[in-house]
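Inspection log for the structure reproduced underneath, given as structure tokens.
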Amino acid sequence: MTETLLTTRAIDSSPKPPLPEFADEFLSKALKSPRTRENYHWALVALQRCANETRYHGTPRAGMMAVRAIKDDVLVAFLDWLLGQKHYSAATMALYIAAAKRYLGWLYARGKLDPSFRLDAARQKLSEETRGGVLRYAPRRPDPNLASILSFYDGIPLPSGKTAAERQARLVLLRNRAIVHTLYSSAGRASEVTQLNCQAVDQGYSTTVEVTGKGGKRRMLIFTQEAQQAIRQYLTERERQGERVTARPGSKGVPLFVSHGRGRHQRLSRTTLWRVVAEAARALGLKSGSGPHAFRHFRAQSLRDEGMDLGLLQALLGHASIETTRRIYAPQTDVRQLVDALATYGVSAGEAAHRAGRIVPARARAPRPARTGRKPRSATGKTSSAD
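Pasting the structure below:
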């Protein structure tokens with residue numbers, strides 16, 4: 069029996085694209101997150117393509133870019149090449165440049181670059197080149213009605229469970245409810261939510277749980293009462309259907325969110341988590357691209373709009389720098405606060421004109437147009453002799 073939400077990935081048998089020298093070592097040793105490793109891999113593939121197509125300092129058309137050929141202009145050359153490709157978004161270009169900078173830093177720290185190479189000079193040249201904001205991009209804003217996904221799953225009637233198919237459908241629905249409530253409550257990343265275990269959430273009674281976040285950093289996820297209740301209902305149904313949700317001695321723990329179709333009881337992937345959100349968003353007619361990360365942005369922006377301190381929001385989201393939190397969430401909030409302040413304290417044009425009218429002398433009149441053939445009179449009533 070297969071579950072409705074099921075994803076498959078075709079096996080790519082094509083040869084791996086070439087990478088610059090020492091790139092494999094950098095990717096395997098310097099990066100902890102599998103997702104970051106994958107993103108940086110494609111960034112370095114692009115860097116290698118750039119070197120091949122531009123013949124960067126003697127790099128052959130089909131050969132590996134040697135690190136000894138790297139000069140201070142490498143970041144600027146890479147940016148120029150990315151801009152010329154036309155199909156890279158500003159966000160992708162920013163990611164690829166960040167990956168190249170980290171790769172260069174790793175090479176520089178290990179003495180693998182030519183002695184004449186200066187890392188600070190390479191970064192300074194890039195800074196001069198991007199001063200106009202070529203790598204700036206507006207964060208994608210979630211659909212303002214994203215929270216309707218919560219009521220979408222909450223409103224689906226729970227199957228009776230009389231047949232095997234209905235029992236499976238009960239598990240899937242209760243799981244999906246728990247997933248979207250957890251995403252909304254915690255503002256967690258998909259990778260953080262999928263790593264949760266039943267024991268860590270205390271069978272749905274825990275308010276907080278520690279997870280490994282971006283960059284291998286430990287941080288807390290917080291659960292509201294609605295999220296706790298949804299988790300408890302899901303785990304209760306799993307136990308009722310005969311599944312053990314408590315860890316056996318010596319085991320690594322029982323995953324909180326699992327498959328109930330093919331790969332039964334296996335931990336859900338980020339892809340399946342995305343499908344849970346995206347299918348509801350599509351059914352509701354929400355903005356395309358609405359996925360688990362949209363809940364993170366939606367929750368954070370709504371908390372900031374309600375007045376949450378920026379430092380507390382940074383802690384909730386697990387940002388390494390408060391500048392990241394401010395850049396993404398403070399500008400939009402500041403504009404809204406300005407609009408609200410203008411509506412609260414501003415005086416309408418009519419009221420402003422009315423107030424100004426109180427100090428204008430009552431005898432003041434708008435000047436009348438001069439009649440044809442008559443000389444204008446002076447302020448004393450006499451005919452003016454000035455022509």
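Quick note, our numbering runs 68 ahead of the 1-based positions in the sequence shown.
All C-beta atoms, glycine included, are put in the ideal place defined by N, C-alpha and C.
Keep in mind that this is a model prediction, so the values were computed, not measured.
In the DSSP assignment, residue 288 falls within the beta strand (DSSP E) that extends over 286-290. Apart from sequence neighbours up to five positions away, the residues of its chain that approach residue 266 with a beta-carbon distance below 8 angstroms are 303, 313, 314, 315, 321, 322, 323 and 324, ordered along the chain. With respect to residue 258, residue 387 sits apart: the two C-beta atoms are not nearer than 8 angstroms. Secondary structure note for residue 277: its beta strand (DSSP E) is the uninterrupted segment 276-280.
Bridge partners of residue 265 according to DSSP: 323. Comparing C-alpha distances from residue 365 to each of 108, 211 and 130 shows the shortest one belongs to 211. Taking C-beta atoms as the reference points, residue 132 and residue 124 fail to come closer than 8 angstroms. Contact between residue 193 and residue 140 holds: CB atoms are separated by about 6 angstroms, below the 8 angstroms threshold.
The three-state reading of DSSP puts residue 359 in coil, since its state is none of H, G, I, E or B.
The residue among 165, 384, 187 and 158 with its C-alpha nearest the C-alpha of residue 114 is 165. Counting other Cβ atoms within 10 Å of its Cβ, residue 380 stays below 16 and is therefore classed as exposed. In the displayed model, residue 316 falls within coil according to three-state DSSP, outside both helix and strand. Here residue 126 carries a helix assignment [DSSP, helix/strand/coil].
When the beta-carbon positions are compared, residue 249 and residue 289 stay at least 8 angstroms from each other. Here residue 372 is buried: its Cβ has 16 or more other Cβ atoms, across all protein chains shown, within 10 Å.
Residue 294 places its beta carbon 8 angstroms or farther from that of residue 238. Between the segment 154-165 and the segment 89-105 there are fewer than three inter-stretch CB-CB distances shorter than 8 angstroms, so the stretches are not counted as touching. The straight-line gap separating the alpha-carbon atoms of residue 357 and residue 346 is approximately 7 angstroms. Assignment of residue 329 by DSSP, reduced to helix, strand and coil, places it in the strand class. DSSP places residue 249 inside the alpha helix (DSSP H), whose first and last residues are 232-254. In the pairwise beta carbon analysis, the segment 271-284 is classified as not touching the segment 213-227: fewer than three pairs are separated by under 8 angstroms. Per the C-alpha coordinates, the member of 326, 341 and 343 positioned closest to residue 335 is 326. About 6 angstroms separates the beta carbons of residue 90 and residue 175, which is inside the 8 angstroms limit, making them a contact pair.
Taking C-beta atoms as the reference points, residue 279 and residue 301 fail to come closer than 8 angstroms. Following the DSSP letters along the chain, one finds residue 94 inside the alpha helix (DSSP H) bounded by residues 91-98.
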